[in-house]
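Worksheet: one structure, shown below.
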Amino acid sequence: FSQLYRNQHILCFKTVERRLWEKFSDYINSYRIEAFIKTVKSKPDDGDTYLSIAYNVGFNSKSSFNRAFKKHTGFTPSEYFSNRL
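Here my numbering runs 4 ahead of the position in the sequence shown, where the first position is 1.
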């Protein structure tokens with residue numbers, strides 16, 4: 005019985021840990037996306053590419069940036085800025 009309880013406790017902890025990490029990473033990515041949008045809007049013609057700005061605000065790859073941007077805004081970066089600038 006004690007082994008079963010221990011295993012259930014570990015499983016519960018890992019589930020909670022995974023959920024908290026997902027929420028934390030979403031929070032961090034939302035913060036990064038907002039920083040990205042603010043940077044692009046404040047310097048629209050400075051020659052930086054969207055990707056270089058994404059790296060500057062903390063993304064490590066183009067795919068993770070595009071996925072987070074689409075999740076946060078519902079658009080790709082190009083779609084977002086062509087409709088809003």
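Note that the Cβ used here is the ideal one computed from N, Cα and C, for glycine as well.
If you compare the alpha carbons of L55, H76, S46 and S56 with that of S29, the shortest gap goes to H76. A contact is defined here as three or more CB-CB pairs under 8 Å, and the region 58–68 meets this definition with respect to the region 36–48. In this structure, the beta-carbon distance from I32 to F73 does not fall below 8 Å. For N70, the uninterrupted alpha helix (DSSP H) run begins and ends at K66 to T77, by DSSP.
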